[in-house]
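> Okay, here's the structure, questions in a sec.
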Amino acid sequence: MKQGVQGSPGRPVTAPRGPAPAGRRVPVQRSSVRGQILDALRTALVTGDLAPGEVYSAPVLGERFGVSATPVREAMQQLALEGAVEVVPNRGFRVVERGARELAELAEVRALIEVPVMVRLARTVPAERWAELRPLAEETARVAATGCPAAYAESDRAFHRALLALAGNEQLVRIAEDLHRRAQWPPVRRATACLVADAAEHTALLDALTAGDVDVVRGLVREHFAGAA
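The numbering of the sequence shown is the numbering used here, which starts it at 60 and goes up by one.
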């Protein structure tokens, strides 16, 4: 890491937006640099600041963040494992381009995994447990109203992660979240009204789960994924 890295505790790395002005660096906290870079790059992917099809080198991105290329390269390698970027030998990393077909396939796989889980949970989880998730659903609605795709992507994943966690299967949660991230990159431009409607489905799903209405749960989850594709 470069000795010039600076920052204050708790201050997050911001996503890159074009070349940094000469002599200016984005402050980065010394601890957990790789994790901060990874979070910032994920945000940049969701917002489109890292454009599909474009190739980015670790040294150039490192200069934007004010760190060496090493933590950037490590973060990019993690994103490659997640399917968000691909390695371009001797050049860097290319942001993947996904068409409508691939997004539809991801939605189908998510539905194949999550629909039966949600149906099982609707039959076994008591109503009071679903009530505990209301704040998360309300948070997705609040964030959706801001129209910020990166913030909504984060809150959306948090809600779905909490739902699936009730199944008590950590592997399920990990696989489902990986698919969820893949479906969010690169971003599909959606109006604020679409985000609000998507968030409203979270509340409707909680209502159906609380009531134990299996048919409604099954239909809502399928429609939710189809709308996100």
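Cβ coordinates follow ideal geometry from the N, Cα and C atoms, glycine included.
No experiment lies behind these values; they were computed from the predicted model shown.
For Arg153, which three-state DSSP category applies?
DSSP places Arg153 in strand when its eight states are reduced to three.
> Of all the beta strand (DSSP E) runs that stay within the bounds of the stretch 197 to 233, which reach a length of 3 or more residues?
As far as the stretch 197 to 233 is concerned, it has no whole beta strand (DSSP E) run of at least 3 residues.
> Rounded to a whole number of angstroms, what is the C-alpha to C-alpha distance between Ala186 and Arg193?
The alpha-carbon atoms of Ala186 and Arg193 are separated by roughly 11 Å.
> Given Glu236, which residues of its chain have a CB within under 7 Å of its CB, disregarding the five upstream and five downstream residues?
Hits under 7 Å: Arg216 and Arg220.
> For Ala212 and chain B, any beta-carbon pair shorter than 8 Å?
Absence of chain B from the displayed structure is noted, only one protein chain being present.
> Whole angstroms are fine: how far does the CA of Ala99 sit from the CA of Glu191?
Each residue's alpha carbon lies about 30 Å from the other.
> What are the boundary residues of the beta strand (DSSP E) that includes Glu145?
Where Glu145 is concerned, the enclosing beta strand (DSSP E) stretches over Val144 to Val147.
> How would you call Glu91, buried or exposed, if buried means at least 16 neighbouring beta carbons within 10 angstroms?
Contrary to the premise, residue 91 reads as Ser rather than Glu in this sequence. Ser91 comes out exposed.
> Should the stretch 223 to 238 be regarded as contacting the stretch 167 to 187, the criterion being three or more beta carbon pairs within less than 8 Å?
At 8 Å Cβ cutoff, the stretches touch.
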